[in-house]
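Down below is the structure, laid out as structure tokens.
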Amino acid sequence: MTKLLDGFGKACPQPLVMAKKELEQGNYDIAIQVDNEMAVKNITRLAQKYSLSLSCEEIVGGWLLTFSDAPHDKGAETSTLLMEENWQVSSGSYAVFIGKDCVGAGDAELGYNLMKMAIFTLSEGDAVPTSLLFMNTGVKLLCEEGQIVECVRVLEKKGSEVLVCGTCLDFYGLKDSLKVGEVSNMYDILTRMQEATKVITL
Amino acid sequence: MAIYLLLFDSTHAALSVSKEFDTQGLSYYSVAAPASLRAGCGIALRFQSDDPTKYLQLAYLYVGDAMQLYVRSESGGYTPLDNTHI
Chain W
323 MTKLLDGFGK ACPQPLVMAK KELEQGNYDI AIQVDNEMAV KNITRLAQKY
373 SLSLSCEEIV GGWLLTFSDA PHDKGAETST LLMEENWQVS SGSYAVFIGK
423 DCVGAGDAEL GYNLMKMAIF TLSEGDAVPT SLLFMNTGVK LLCEEGQIVE
473 CVRVLEKKGS EVLVCGTCLD FYGLKDSLKV GEVSNMYDIL TRMQEATKVI
523 TL
Chain B
3 MAIYLLLFDS THAALSVSKE FDTQGLSYYS VAAPASLRAG CGIALRFQSD
53 DPTKYLQLAY LYVGDAMQLY VRSESGGYTP LDNTHI
């Protein structure tokens, strides 16, 4: 019988944590009701990560997300995933954490220019980061067209995942201004850090 | 269009020119100066143009001779240009 989780009224990323807890215990036959789009996106990503199919139904006050009862073709995918994980480790997967709109502390103008240079340099290279993680004033860098947004788009095309803190966008009133990247949460951002072989903080 | 690179003797020079380029709406990238080129400052401004004169004249107003212009060759390297055609 499908277990129903109630994510109504729960702040991000609580619904995600609730669903993940069940999956970690091997309970794939679950459904969760949520009341915000960010939770829908987060849980959709979670389902993809676990190779589970997910149906999304609009209900009164939100959405009902229902997982399939088991990962499809789990056995075949596990070995592939393991191979991919090993390859990523051996090739030195890394994440870049950007928690400010400038590099270092000191002169803001110099710091901002250093940030432009740093992201440009990353975008020119072959060994692009597996993920770019933006928090606090770092999210402002992605809300105005220009060199940084262009270079982050290049990184995305080269395979980098770009996660942007939704709480931070909300705090700075920039939720509708994001030009590139995916609105995310503390849970996913920390998970990417834990998964990476190393994390570079700019 | 050719790709040009402006290097500067000091970071202050690079920042004041980049600010002026922004004000004038000139398109450019702030990039790290290639290690193979000697410069006092690690910030270089890269731009693409048929005619670099406008960029150079503007830069010259702010930093005079404290800069060096390079043009990118097909091989990806940079060749110095003299600034006399400013």
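Chains as they are written, first to last, in the numbering used here: chain W, 323 to 524; chain B, 3 to 88.
Glycine is no exception: its CB is placed at the ideal position from the N, C-alpha and C atoms.
task: Identify whether W/Met437 lies in helix, strand or coil by the three-state DSSP scheme.
output: As a working mapping, residue 437 of chain W is identified with position 115 in the first sequence. Shown here, W/Met437 sits in a helix according to DSSP, grouped into three states.
- request: Could you work out which residues of chain W lie near B/Tyr31, taking near to mean beta carbons separated by less than 9 Å?
  value: Along the second sequence, read from residue 1 onward, the residue named residue 31 of chain B stands at position 29. In chain order: Lys438, Met439, Phe442, Gln469, Glu472, Cys473.
- prompt: Using a Cβ-Cβ distance under 8 Å, would W/Leu454 count as near chain B?
  reply: As a working mapping, residue 454 of chain W is identified with position 132 in the first sequence. Not an interface residue.
task: Would you tell me roughly how many angstroms separate the C-alpha atoms of W/Leu374 and W/Arg367, rounded to the nearest one?
output: As a working note, residue 374 of chain W is residue 52 in the first sequence. As a working note, residue 367 of chain W is residue 45 in the first sequence. Cα-Cα distance, rounded: 10 Å.
query: For a contact meaning CB atoms closer than 8 Å, what does W/Leu327 contact in chain B?
result: Here the question's residue 327 of chain W lines up with position 5 in the first sequence. None at all; the shortest Cβ gap to chain B is about 48 Å.
- prompt: Sorry if obvious, but does the Cβ on W/Gly428 come closer than 7 Å to a heavy atom of the ligand GDP?
  reply: With respect to small molecules bound, the structure shown includes none, and the ligand GDP cannot be examined in it.
Per DSSP, the bridge partner or partners of W/Phe419: Counting from one through the first sequence, the residue named residue 419 of chain W turns up at place 97. For W/Phe419, DSSP records a beta bridge to W/Leu455, W/Thr523.
query: Is DSSP giving W/Ser445 helix, strand or coil here?
result: Mapped onto the first sequence, residue 445 of chain W falls at position 123. W/Ser445 carries a helical assignment under DSSP once its states are collapsed to helix, strand and coil.
- prompt: Assuming W/Leu387 contacts W/Val362 under a Cβ cut-off of 8 Å, what Cβ separation, rounded to an integer in Å, is found between them?
  reply: Within the first sequence, the letter at position 65 stands for residue 387 of chain W. Within the first sequence, the letter at position 40 stands for residue 362 of chain W. Contact check for W/Leu387 and W/Val362: beta-carbon distance about 7 Å, within the 8 Å limit, so the pair qualifies.
message: With H, G and I counted as helix, E and B as strand and the rest as coil, what does DSSP make of W/Cys424?
response: Position 102 of the first sequence, counted from the start, is the residue given in the question as residue 424 of chain W. Under the three-state reduction of DSSP, W/Cys424 is assigned to coil, being neither helix nor strand.
- request: With 8 Å as the threshold, decide whether the Cβ of W/Leu432 is near any Cβ in chain B.
  value: Residue 432 of chain W sits at position 110 when you count from the first residue of the first sequence. Taking CB atoms only, W/Leu432 has a neighbour in chain B less than 8 Å away.
query: Would W/Arg514 be called buried (16 or more neighbouring beta carbons within 10 Å of its own) or exposed?
result: Here residue 514 of chain W refers to the residue found at position 192 when the first sequence is read from its first residue. Per the 10 Å Cβ criterion, buried.
- request: Return the first residue and the last residue of the beta strand (DSSP E) that W/Val484 is part of.
  value: Walking along the first sequence from the start, residue 484 of chain W turns up at place 162. Membership of W/Val484 in the beta strand (DSSP E) is indicated by the continuous run 483-487.
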